[in-house]
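Shown next, in structure tokens, is the structure this report addresses.
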Amino acid sequence: MGTATGIIKALNSGIKHLAVKRFTLRYPEQKLKFVGDGYQFDPASGVAIAGLKGRHMLFHDHCTGCQLCSIACEGVAEAIAMVKVPDKWGQNAKSIMPQIDYGKCVFCGLCVDACPFYALYMSNDYELSSFTKEGLIYTPAQLQVKPQVQQDSELIIDKRGARHG
Amino acid sequence: MMIELTSTPIIIMVILGIAGMIIPVINVVRKEQGSSTFYGLIAFGALLLSLGYVIYRFYTDSVADAAIFSSDVLVDDGFGSFFAIAMLIVSIMAVAGSFNYMRNKSNPAIYFSLILLSSIGMVLIAFSTDLVMLFVAWELMSIPTYILAGYNKKDPSSNEAAIKYFLFGALSSGIIIYGISLAYGITGSTNIGDVIYGFSNLSPDMLPIGLLAVGMFIAGFGFKMGLVPFHMWLPDTYEGAPTPITALLAAGTKKAGFAAALRVVIMGAAALNLDWTLALGVIAIMTMTIGNIAAIMQKNLTRMLAYSSIGHAGYILIGISLAPFSGLGLQASLFHILNHAVMKGAAFIAIAGIVTTLGIVHLDKIKGLGRKMPITAFGLVISLLALAGVPPLNGFWSKLMLFGSAIDATSVVWWAPWLAIAGVLNSALSLAYYGWIIRKMYFEGETEKRVKEPASIVGVMIFSVIFMVTIGVYPEPIIQFVEMITPSMTAVMP
Amino acid sequence: MSNELIEFVLVSVALLGIGIYGLAVKRNAIRMLFAVEIIVNAANLNLVAFARFMPHSGGQTLALFSIAIAAAEVAVGLALIIVAYRMYKNIDIADFRSLKG
Amino acid sequence: MSVIAPKFRLGYFLKGIFDNAFWILTIVTLAGIPAIQIVLFYLELPVIDGELLTAFLAFTWLFNPTMQVPLIKALIYSDLFRIVAFPGFGFAALIAAGTIFVERKMLAKLQLRVGPFYCGKVEGILQLAGDGLKLISKEIIIPAKADKPLFWAAPVLFVGTAAAFVALIPVAPGGWVVADLDVGLLAVFAVIGFFPIITILSAWSANSKFPFIGGIRALHQMVSFEIPLILSLLGVVILTGTLNLSEIVESQSSFPWIIFMPIGAIVFFTTMLAELERIPFDLPEAESEIVAGWLTEFSGMMYGLVQLGSYLKLYAFAALFVIIFLGGWTGPVFWPPLETEIITEGIPIPNYAGDPILTVNAPGLPLLDQDPNEWVLQQQGELQYTSGQLLVSGVIWFVLKTVGVIFFILLPRGVFPRIRLDMLLHIGWYKLIGLSFVNIFIALGLVYAGVIGPGGIL
Amino acid sequence: MAEQVIPTKKMPPGLQVENVDDRIMTLNVGPQHPGSGHMRIIVKIDGDYIVDADPDPGYVHRGEEKMAESRNYITNIPHLERPVIHDSCNILYPYVLGVEDLVGIEVPERAKYVRVIAAELNRCIYIQYWLAIYGIFLGHSTMFMWPAGDRELLIDLMEKITGARVTHAYFIPGGVRNDVPANFEDVCLRQVNYFEKRIKEYADIFYDNPILKARTEDTGVLSREDAIRLGTTGSVLRASGVDYDLRIKEPYDVYDELDVHTNVLKSGDSYARSKIPWLDMLESCNIIRQALEKMPKSGSIRTKLKPNPKGREDEVYRRVESGRGSAGCHIISRGKPEPYRLKLSVSSFRNLIALPYLLKGEKLGNMPAVYWSLNYWPVEADR
Amino acid sequence: MADALFLAISVLTIGSAIAALEMRSLVYGSIALMGTLGGVAGFYVMLDSPFVAMFQLAVYVGSIAVLILFTVMLVKRELIFKKIEDPKRKFAGIGLMLIVILALGAVIMDSGIKTISTDSDPVDFREIGGDFLTYYWPALILMALILAGSVMGALVLARREDTIENEQ
């Protein structure tokens with residue numbers, strides 16, 4: 733009768749789960765809340781700060797055009813190209829700044845680690861899709877814009893199971 | 027009226043049916059590990075039990091003599107009991123011959139179970155008084171033998187034999203059921219008694235249909251009996267099938283065909299009041315002549331005996347064709363049926379023993395067999411001599427009765443003596459090839475070492491030799507028995 | 024009944040003839056089996072037709088038996104054909120030549 | 005950031021629509037209208053009330069209340085309605101569609117996900133329509149070396165056989181069944197016997213390995229489970245002594261047979277799962293072993309037809325279970341009788357001018373067939389329920405029970421893994437056949453002990 | 023694979039491939055087949071029995087090892103986790119340990135604990151993914167959806183730590199890239215506890231399911247000797263009764279300070295092979311809880327490296343216990359910033375060797391059960 | 071005179087019987103055989119014997135046709151198209167068929183069958199059940215034995231010897 737017990741137990745487990753809260757994150761309506769403001773670099777300790785490795789943010793007033801981010805990316809994805817910017821910045825004599833092709837970027841964050849001037853951070857924005865390949869290339873001017881994100885859904889664990897709310 | 031539950035056919039059906047079903051069950055329970063002897067012994071015991079019951083019923087006079095008519099599907103009469111005894115003896119011999127044969131073969135259980143099922147069919151054909159019952163029993167006899175004939179799956183010839191047998195058998199059953207449908211259509215019943223009564227009171231415009239029905243019965247049963255236009259499958263099948271099964275086919279199912287023919291065709295034809303005897307006589311002469319002439323040319327023992335068995339069908343037909351004119355004819359046929367069953371069974375079982383022990387069936391290779399396997403060879407010799415009709419053996423008496431009936435009927439029909447002449451000539455012809463075998467076995471070959479003979483074959487040989495010699499020396503009781511159970515043709519003759 | 028018995032019986036005779044033709048001409052084992060089935064069906068049709076016109080239940084009973092027996096027969100026959108196919112790689116009985124005859 | 009893909013042009017889209025409309029109009033004009041004319045020319049139109057019944061007149065009748073209600077009534081009691089709509093195909097297809105939706109949502113709930121969500125605003129209720137549209141619009145691809153006639157015929161035959169199966173199922177008292185046969189149960193077995201053939205033919209005709217293996221598996225499964233299927237129902241046949249499905253239902257007016265033969269019910273349920281190729285017996289479509297089994301080469305609407313057929317089959321099997329073991333439509337009649345005024349006086353229906361010209365006994369509910377005579381008998385206490393009451397509550401009970409059974413057919417899909425072929429055959433040949441014989445012996449015992457049957461206690 | 027190493031399996035009589043016959047059918051299971059992943063198994067079947075199986079990996083090869091020779095030690099990190107993105111921490115672990123040996127730096131204590139937590143979380147993530155596919159291979163769709171959903175809990179945790187959901191690129195020679203977020207301990211403990219409760223529920227519906235047991239028990243049995251001789255590793259080895267776990271036998275980082283148990287089953291069939299990973303997940307939850315308790319509450323997380331570190335001229339081989347078994351990394355350094363040669367020794371390929379051995383004589387229906395119970399990840403075998 | 075339905079069914083039956091024997095492909099031959107069997111079932115329905123008709127469909131289509139198709143598909147495909155047929159034999163066969171049909175037809179047309187017609191009610195199929203249990207019960211037992219024997223035998227013949235050991 734072990735078989736019958738096992739079958740009944742399995743059926744019971746299945747029926748029980750009809751009452752458990754659904755776990756699915758209903759994505760376009762709900763968006764997960766992330767730790768902090770994205771993957772950043774802590775100037776004080778010299779190590780990174782936890783956060784989502786999303787789309788980059790470039791602080792034009794810190795970037796010196798040293799190309800270290802581009803060099804770091806060279807062996808990984810070759811997504812960063814240094815391009816001329818029209819503005820003039822004092823610390824950036826050559827007026828070159830990173831332009832990132834998100835068609836190639838693997839979001840490893842090594843460029844953030846490599847930047848000695850805390851000019852390149854990563855933000856919480858991950859919705860980068862575009863209809864064209866060209867739309868994935870972000871110029872320094874686009875990277876400068878801070879993304880507006882609405883992420884407020886959190887994982888709730890209670891007696892009736894875990895869910896996103 | 028329901029047939030009583032203690033009557034012979036029902037009890038045989040129950041005993042053999044239970045045994046036949048319990049063997050596969052044991053096989054499944056024992057995970058197909060049982061030995062062939064074990065299953066064989068169950069089958070053997072069941073068959074012996076049924077044989078004992080038939081004889082017990084017969085000796086307590088519980089059975090009627092010969093009742094062709096009954097309001098039920100089965101009747102418990104002497105005619106059926108006679109055939110039941112013959113069939114059960116043949117089945118016992120086949121089972122005994124199979125002990126050794128099946129020793130190293132796969133699936134022994136199903137084999138013995140199928141033999142039992144087939145014997146139920148054979149026995150019940152002789153007892154049935156309803157065409158439905160007859161047809162179902164006919165199929166129960168046939169279908170297991172299709173399988174048994176092809177039981178040697180690794181052997182191409184066995185398979186070829188089975189396919190040919192199957193196709194002709196299926197055709198024959200199709201023709202039989204067509205005939206049944208016609209007979210049913212014009213008489214309105216499936217009970218043989220009612221059918222015969224209907225035949226004898228047929229309106230003239232329905233007569234052709236009745237003729238057609240009887241013709242189809244003759245054709246359908248003739249396939250099984252191996253009558254000449256329908257005999258093409260027989261030598262191939264007998265040669266290819268496993269040899270104990272050949273014994274079953276030659277001695278058992280063929281005789282069941284005669285039983286069915288006696289129940290249906292002869293009575294029906296008699297009732298139709300047709301001049302059918304001449305046709306049967308012609309078929310008889312053709313059958314025995316072709317069978318015996320073809321047998322001479324064979325080099326294969328089984329094939330030779332197969333043709334010889336065709337020839338013997340012709341002998342039996344002599345008596346049947348003369349039945350309306352001479353009371354002796356039908357009795358002689360029945361006597362020869364019993365004799366032929368035992369003789370042919372013994373001969374094939376002996377060959378089965380030779381095949382399983384030495385692996386030879388060719389005529390040139392059996393030199394010195396008399397010294398190699400003395401008991402088997404002796405049994406084979408005795409059965410061959412009996413088949414040929416040599417005097418102190420049983421075959422002599424039945425042939426004598428057959429030819430005597432032909433002489434007896436001379437005053438009624440002009441062609442009867444020709445039957446006797448053809449029979450005698452054929453017997454002489456058959457002695458030639460039987461003698462050839464005997465000569466090969468005893469008078470040729472160097473000094474051979476004796477090999478161990480299988481005990482079951484030896485048992486069968488001893489039994490059949492005793493049977494043949496006893497009846498050959500003292501045939502009176504059997505003849506009386508036959509006289510008693512012979513159905514009366516006058517009951518149906520208009 | 025709007026139809027007459029003779030019509031059914033004639034259809035049955037036609038089927039019987041076709042079946043005999045198939046058995047005589049065809050040498051493919053499966054086709055021969057088809058022919059046998061056609062013959063059996065012709066007989067069954069006869070039986071049921073006669074039974075309807077009597078009317079009597081025996082013909083239907085025998086037809087039922089016959090159908091069931093045909094099923095058993097076909098099962099056995101096809102098993103034999105499969106075994107033959109494994110051995111000869113063929114199902115043409117004209118090519119089965121291990122036995123002379 | 006996003007821009008519309010440059011390939012899309014509104015002009016092309018509109019042009020496509022206009023093209024299609026143009027061709028349809030052309031074909032209708034050139035071929036359709038002459039055909040209609042010819043047909044009308046040779047058709048003998050009936051004369052009713054001195055008027056020639058033209059198409060126009062027939063159309064106007066539909067808006068005339070005096071004609072409309074009898075017309076609808078006549079329609080409802082016609083054979084065509086039975087075949088197409090209520091007890092037949094339409095009803096079954098509706099339940100099948102509901103089954104698909106319920107299956108997806110229920111399975112999603114069991115698996116802690118959402119299931120169809122966006123299509124149709126309310127919890128994805130139009131998902132099935134969307135899927136159907138997608139399947140219709142997809143290209144039908146046929147393998148190059150397939151046996152084309154058989155390959156085409158298989159899905160159609162499958163749906164046809166399933167519909168034939170549905171046609172045998174009675175859903176309400178009073179002969180609400182497409183084909184009311186005296187040998188209904190035997191006809192069910194005959195129809196079930198067609199499925200393996202269609203399966204094996206389609207599998208063979210695709211001329212591909214995976215469908216062939218799947219077809220052979222389906223054949224094994226269906227053929228070997230047909231035997232316990234038949235045997236498990238024999239118990240009920242012994243107890244009721246009839247093969248007519250309606251009579252089997254009526255024999256259960258006091259208690260359903262599942263009380264006496266739970267073993268038979270379990271065996272039948274299991275074989276049902278196997279015949280339907282539902283998990284845990286979905287070996288013929290085992291996607292991890294043999295891609296999609298015998299459905300592998302089907303594409304587009306051919307696949308859709310096979311799915312439709314299999315869900316019709318599911319409904320039919322569930323209904324058969326309800327009919328045989330759960331008492332079909334029997335249950336307390338809860339439908340209240342209509343108001344006294346409606347029955348006795350009827351509701352006057354005015355004509356265009358507003359004068360009452362016709363009194364309809366049960367307006368809007370012609371289905372109920374409220375016969376005043378029956379009502380009178382009911383008032384006198386000679387008739388317990390009118391046929392309309394029986395019909396409505398019977399259908400409701402039937403649907404409720406069927407849905408319950410369908411739920412239990414669907415549930416194992418979320419709970420059990422797939423079984424293996426040798427295990428399946430072992431279950432079928434050894435366990436289920438044995439259990440169904442036990443069931444038959446129980447039934448025989450009940451009959452011979454005199455509990456049920458002629459002269460029995462119950 | 024060398025012939026003499028493979029033990030010959032006793033086949034049922036009549037199923038030898040030599041007796042090639044038209045009844046043998048060749049099936050190409052894959053690469054476009056739901057049951058194969060990115061590989062092909064050429065299966066020869068005789069009726070329902072498999073007489074020969076020839077796994078054919080090679081559809082996702084991209085020369086990971088050769089690519090590593092032209093990239094420096096840091097930029098290799100995102101590449102080397104690509105073979106098993108679902109187990110990226112563990113596949114990176116031996117490389118990071120090896121580079122630390124070569125460069126000669128010490129890892130801070132807190133970083134070691136963080137590494138262990140991340141590695142164990144990642145092991146669970148991998149096993150959940152594996153289990154999901156095992157479920158769907160056996161036709162159990164719920165067992166596909168539940169692990170895929172519950173895996174989300176741990177992915178959420180990993181994302182809190184590393185900022186990425188799948189490809190973390192978190193470990194780095196000298197420690198980890200970044201510290202854990204502020205209240206990580208509480209969140210982690212809460213979610214891991216819930217996760218443990220959830221996976222225990224799998225037992226009712228999956229592991230104790232009689233149909234599953236009947237289906238997978240006594241199929242594809244790998245005896246203890248054969249498992250050793252075929253060179254299998256990880257869960258396959260432990261399911262055959264060999265108690266061999268690198269976390270205990272060769273403890274790295276702080277595993278020797280934690281109380282680690284290994285799970286060993288004796289039977290060696292598909293069921294045991296599928297149960298060991300599940301038991302491993304429960305054990306991982308224990309390890310995570312212990313590590314969270316023992317972890318220093320503060321401290322350095324990363325020893326700063328020079329920008330372009332050069333290894334000393336040496337070769338080093340380090341291995342760890344990954345989600346599938348032993349994962350090793352052999353680095354030969356010639357004193358350059360790039361490795362001279364890098365070789366990954368991965369468990370998937372080693373377990374794949376057992377596949378043709380196990381499949382012979384099995385039924386076709388057992389093929390997915392046996393194949394995926396080998397804890398195989400096609401891309402890792404191919405790299 | 072025969073009505074249209076009867077003619078249609080007889081054309082279907084006889085035509086598909088010929089097709090079953092003459093179609094080049096055995097699979098189509100099997101389907102044509104199914105047509106014959108279905109046509110005969112149609113005749114049974116016309117003859118007011120629904121029980122036999124449904125039994126015919128259930129048994130012939132449900133099991134026999136499946137078995138035949140299964141066998142046909144097991145057999146290699148090229149063989150299905152291979153035809154060894156002697157034209158002489160074929161003409162002889164056609165002659166035989168014509169002789170049989172004409173002779174039997176003539177006999178039957180000449181006999182009293184052609185005058186038989188009936189207006190009585192058909193036999194209720196429940197009577198068949200009664201017959202089975204009272205009159206034909208030994209035949210029913212034999213039938214069970216036939217089925218058991220043929221199933222056992224067919225299984226023994228059709229299963230392969232070499233894999234039996236594996237299953238134990």
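Residue numbers (the working numbering), protein chains in the order written: chain A, 733 to 897; chain B, 27 to 520; chain C, 24 to 124; chain E, 5 to 462; chain U, 23 to 405; chain X, 71 to 238. Glycine included, each C-beta is placed from N, C-alpha and C at the ideal position. Treat the numbers as computed from the prediction; the structure is a model and nothing was measured.
In the DSSP assignment, find the unbroken beta strand (DSSP E) run with residue i in it and report its ends.
i: Tyr-853(A); result: 852 to 854
i: Asp-74(U); result: 71 to 78
i: Gln-256(E); result: Run containing Gln-256(E): none; DSSP gives neither H nor E here.
Kindly say whether residue i, judged by its beta-carbon, lies nearer than 7 Å to any beta-carbon of chain X.
i: Val-187(E); result: yes
i: Ser-89(C); result: no
Please check if any C-beta of chain B sits within less than 7 Å of the C-beta of residue i.
i: Glu-96(C); result: yes
i: Met-116(X); result: no
Just the Cα atoms here: how many angstroms apart are residue i and residue j?
i: Leu-448(E); j: Leu-428(E); result: 28 Å
i: Tyr-362(U); j: Pro-329(U); result: 19 Å
i: Ile-118(B); j: Ser-431(B); result: 32 Å
i: Leu-414(E); j: Leu-233(E); result: 19 Å
With a threshold of 7 Å between beta carbons, is residue i in contact with chain U?
i: Arg-108(E); result: no
i: Ile-270(E); result: no
i: Val-844(A); result: no
Residues of chain E with CB under 9 Å from residue i, in chain order?
i: Ile-136(X); result: For the sequence presented, residue 136(X) should be read as Val rather than Ile. Correct list: Gly-197, Pro-200, Ile-201, Ile-204, Leu-223, Met-226, Val-227.
Residues in its own chain within less than 7 Å of residue i by CB, not counting five upstream and five downstream?
i: Thr-58(E); result: Leu-49
For residue i, I'd like the list of residues in its chain whose CB is within less than 6 Å of its CB, leaving aside the five on either flank, ordered along the chain.
i: Ser-322(U); result: Pro-130
i: Phe-241(X); result: A question about residue 241(X) goes unanswered here, because the residues of chain X that appear run from 71 up to 238.
i: Leu-223(E); result: Pro-200, Ile-204
Less than 7 Å between CB atoms is the rule here; does residue i satisfy it with respect to chain E?
i: Gly-797(A); result: no
Tell me the residue span of the alpha helix (DSSP H) that contains residue i.
i: Leu-114(E); result: 93 to 114
i: Gln-225(E); result: 213 to 244
Starting from the beta carbon of residue i, find every residue of chain C whose beta carbon is closer than 7 Å, and list them in chain order.
i: Ala-224(X); result: Ala-98, Val-99, Ala-102
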